[in-house]
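See below for the structure under consideration.
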Amino acid sequence: MKVLYRYLSRQIYGASLLVMSGLLALFSFFDLAHQLGSIGQGHYTLWPVFEVVLLHFPANAYRLMPVTALIGGLYALIQLNHSSEFTVMRVSGMSVPRMSYAMVRTGMGFMLVTLLLGEVVVPYSQQAAQQLKLRATHSMVAQEFRSGLWVKDAGRFVNVSQIKPDMTLLDINIYSFDPQWRLTSIEQAAKGMYIGHNRWNLTDVVQTRFSPERTQIVHLPQMTWKTVLNPDILSVLLVVPDDLSIGDLYSYITHFEANGQRVARYEIALWAKLFYPFTCLIMLLLALSFAYLPARSVASSGRLITAILVGLFFYLTNQIFVHLGVLNNWPPIFSALLPGVLFFLVAFYLLVRVERI
Numbered sequence: 060m061k062v063l064y065r066y067l068s069r070q071i072y073g074a075s076l077l078v079m080s081g082l083l084a085l086f087s088f089f090d091l092a093h094q095l096g097s098i099g100q101g102h103y104t105l106w107p108v109f110e111v112v113l114l115h116f117p118a119n120a121y122r123l124m125p126v127t128a129l130i131g132g133l134y135a136l137i138q139l140n141h142s143s144e145f146t147v148m149r150v151s152g153m154s155v156p157r158m159s160y161a162m163v164r165t166g167m168g169f170m171l172v173t174l175l176l177g178e179v180v181v182p183y184s185q186q187a188a189q190q191l192k193l194r195a196t197h198s199m200v201a202q203e204f205r206s207g208l209w210v211k212d213a214g215r216f217v218n219v220s221q222i223k224p225d226m227t228l229l230d231i232n233i234y235s236f237d238p239q240w241r242l243t244s245i246e247q248a249a250k251g252m253y254i255g256h257n258r259w260n261l262t263d264v265v266q267t268r269f270s271p272e273r274t275q276i277v278h279l280p281q282m283t284w285k286t287v288l289n290p291d292i293l294s295v296l297l298v299v300p301d302d303l304s305i306g307d308l309y310s311y312i313t314h315f316e317a318n319g320q321r322v323a324r325y326e327i328a329l330w331a332k333l334f335y336p337f338t339c340l341i342m343l344l345l346a347l348s349f350a351y352l353p354a355r356s357v358a359s360s361g362r363l364i365t366a367i368l369v370g371l372f373f374y375l376t377n378q379i380f381v382h383l384g385v386l387n388n389w390p391p392i393f394s395a396l397l398p399g400v401l402f403f404l405v406a407f408y409l410l411v412r413v414e415r416i
């Protein structure tokens, strides 16, 4: 049996590698199309764009791992079925429980790769991609201050306390300096909204101007602020919980709780991060249940298309439940684990049904 287990694992790993290559090529094309819109900002030319796309490879591979396990596992089993090897395995004593055990053994490899990507590679590759884009677009950022986000923009330093998901800026402080780096003015605004062409509409503005003779304070209901900053640049500064490691997520949760801030999004991301590697096992078991369908009832192409649709549905369901959990204040563990548990129950039901036939 060990020989069959190893042979089956090799077939699934080989097919999954092929599937992952195709999916990465597709998603990298989407990334490239998205990044091309930023070309021309500073030194952000075609070569830095390719570097950013390459640095997104680990994050894409991490997100696609369960889908890859499902499609790759089913494709390998279909190929074995076409060559009658799958039938020989079943005749040789590979019952449904033993076949399920073989898929779980194979899934351990997927789990290990997923864990290494999520904990070691993705946090650093995503940070490197962000820093590369910021350097190329001539923006300097310091993100580790509790006072908020700091950005150097030409002869000004900009401090933003909060950036909302719709890219609305809250509590903005703009410190302007002359060529000798003497402070010339401070603009404080309650809110800033992007109006296009690198311009922001600031509301409830207090403008303080410094000169050798006097200090002048002006209150403005609103003003237009022109800067190199835009939502595309700011979007890479937002901390994406899904790209953080388990240790970083725990640190963020502890820090935010100590400061009385909401942590639901980070708690959901933490539970999802802990459970995510196990979804590869669930997808392989689901692939096995599809492989047992009679060949005359469902064609091979139909099974593969079904697997692709199920994989996409699983990915979208995960995303939807994360947002629903935050909006409806659901328990974080419920929001993070429910999609995976539902898919596991479906796979278990199908395998039990196959065993009884």
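Per this note's numbering, the very first residue in the sequence shown carries number 60; after that it's consecutive. Glycine included, each C-beta is placed from N, C-alpha and C at the ideal position. In this text, all values refer to a predicted model and were calculated from it rather than measured experimentally.
Exposure label - residue i; buried when at least 16 CB within 10 Å
{"i": "methionine 148", "result": "buried"}
{"i": "phenylalanine 17", "result": "The structure shown does not extend to residue 17, since the chain is modelled only from 60 through 416, so no value can be given for it."}
{"i": "alanine 84", "result": "exposed"}
{"i": "alanine 366", "result": "buried"}
{"i": "alanine 161", "result": "buried"}
{"i": "asparagine 388", "result": "exposed"}
{"i": "glutamine 221", "result": "exposed"}
{"i": "isoleucine 130", "result": "buried"}
{"i": "proline 336", "result": "buried"}
{"i": "proline 103", "result": "According to the sequence provided, residue 103 is tyrosine. The question's proline does not apply to it. Per the 10 Å Cβ criterion, buried."}
{"i": "glutamate 316", "result": "exposed"}
{"i": "isoleucine 379", "result": "exposed"}
{"i": "arginine 122", "result": "buried"}
{"i": "serine 75", "result": "buried"}
{"i": "proline 280", "result": "exposed"}
{"i": "threonine 417", "result": "Past the edges of the chain, shown from 60 to 416, lies residue 417, and the structure says nothing about it."}
C-beta contact flag for residue i and residue j at 9 Å
{"i": "aspartate 302", "j": "proline 398", "result": "no"}
{"i": "alanine 187", "j": "leucine 114", "result": "yes"}
{"i": "leucine 343", "j": "isoleucine 71", "result": "yes"}
{"i": "alanine 249", "j": "aspartate 237", "result": "no"}
{"i": "serine 359", "j": "asparagine 140", "result": "yes"}
{"i": "leucine 91", "j": "valine 112", "result": "yes"}
{"i": "phenylalanine 86", "j": "asparagine 119", "result": "yes"}
{"i": "glutamate 178", "j": "isoleucine 312", "result": "no"}
{"i": "valine 217", "j": "leucine 288", "result": "yes"}
{"i": "tryptophan 330", "j": "leucine 396", "result": "yes"}
{"i": "threonine 286", "j": "arginine 215", "result": "yes"}
{"i": "alanine 328", "j": "valine 369", "result": "no"}
Three-state secondary structure assigned by DSSP to residue i
{"i": "aspartate 212", "result": "strand"}
{"i": "glycine 207", "result": "coil"}
{"i": "serine 97", "result": "coil"}
{"i": "arginine 241", "result": "coil"}
{"i": "tyrosine 351", "result": "coil"}
{"i": "methionine 60", "result": "coil"}
{"i": "methionine 124", "result": "helix"}
{"i": "asparagine 257", "result": "coil"}
{"i": "methionine 79", "result": "helix"}
{"i": "asparagine 232", "result": "strand"}
{"i": "threonine 196", "result": "coil"}
{"i": "asparagine 218", "result": "strand"}
{"i": "glycine 399", "result": "helix"}
Reference residue i; option with closest CA among the options
{"i": "arginine 412", "options": "Leu352, Arg362, Ala366", "result": "Leu352"}
{"i": "glycine 255", "options": "Glu272, Lys332, Met226", "result": "Met226"}
{"i": "glutamine 138", "options": "Asn218, Asp263, Leu363", "result": "Leu363"}
{"i": "threonine 376", "options": "Gly361, Pro390, Ser394", "result": "Ser394"}
{"i": "glycine 207", "options": "Gln190, Arg258, Ile305, Asn232", "result": "Asn232"}
{"i": "proline 125", "options": "Asp263, Phe334, Val385, Gln247", "result": "Phe334"}
{"i": "glutamine 185", "options": "Leu229, Phe116, Pro391", "result": "Phe116"}
{"i": "glycine 99", "options": "Val150, Phe86, Lys192", "result": "Lys192"}
{"i": "tyrosine 325", "options": "Ile341, Leu340, Asp307", "result": "Asp307"}
{"i": "tyrosine 408", "options": "Gly96, Pro238, Ile341, Val210", "result": "Ile341"}
{"i": "tryptophan 417", "options": "Val112, Gly101, Phe269", "result": "This structure does not reach residue 417, given that the chain is present from 60 up to 416, and the question cannot be answered."}
{"i": "phenylalanine 403", "options": "Ser348, Leu171, Glu414", "result": "Ser348"}
{"i": "phenylalanine 372", "options": "Leu401, Phe216, Tyr134", "result": "Leu401"}
{"i": "histidine 278", "options": "Pro290, Val265, Thr338", "result": "Val265"}
{"i": "leucine 345", "options": "Leu288, Pro300, Ser143, Ala406", "result": "Ala406"}
{"i": "glutamate 272", "options": "Thr243, Trp330, Tyr64, Ala350", "result": "Thr243"}
{"i": "leucine 77", "options": "Leu105, Tyr374, Ala128", "result": "Ala128"}
{"i": "proline 290", "options": "Gln275, Tyr253, Ala323", "result": "Tyr253"}
{"i": "threonine 267", "options": "Trp284, Gln247, Thr283, Thr286", "result": "Gln247"}
{"i": "leucine 386", "options": "Ser154, Val369, Val322, Val219", "result": "Val322"}
{"i": "leucine 63", "options": "Leu136, Val108, Met79, His93", "result": "Leu136"}
{"i": "threonine 274", "options": "Asn257, Ile245, Gly101", "result": "Ile245"}
{"i": "tyrosine 66", "options": "Met158, Tyr374, Trp259, Leu174", "result": "Met158"}
{"i": "valine 172", "options": "Met79, Thr146, Ile327, Tyr374", "result": "Met79"}
{"i": "tyrosine 234", "options": "Leu228, Ala350, Val210, Leu175", "result": "Val210"}
{"i": "glutamine 190", "options": "Tyr374, Gly361, Pro107", "result": "Pro107"}
{"i": "serine 151", "options": "Val180, Met60, Arg69", "result": "Met60"}
Test: residue i CB closer than 9 Å to a CB of chain B
{"i": "threonine 173", "result": "Of the chains in the structure shown, none is chain B; there is only one protein chain."}
Closer than 8 Å: residue i CB and nearest the ligand COA heavy atom
{"i": "tyrosine 72", "result": "This structure does not include the ligand COA; it has no bound ligands of any sort."}
Checklist line | Inside the region 129-170 only - alpha helix (DSSP H) runs reaching at least 4 residues | finding: Taking only runs of at least 4 residues, the alpha helix (DSSP H) segments lying wholly in the region 129-170 are 144-150.
Note to self: I'd like the ranges of any alpha helix (DSSP H) spanning at least 4 consecutive residues and lying wholly in the region 260-342.
What the structure shows: 290-294, 305-317, 323-334
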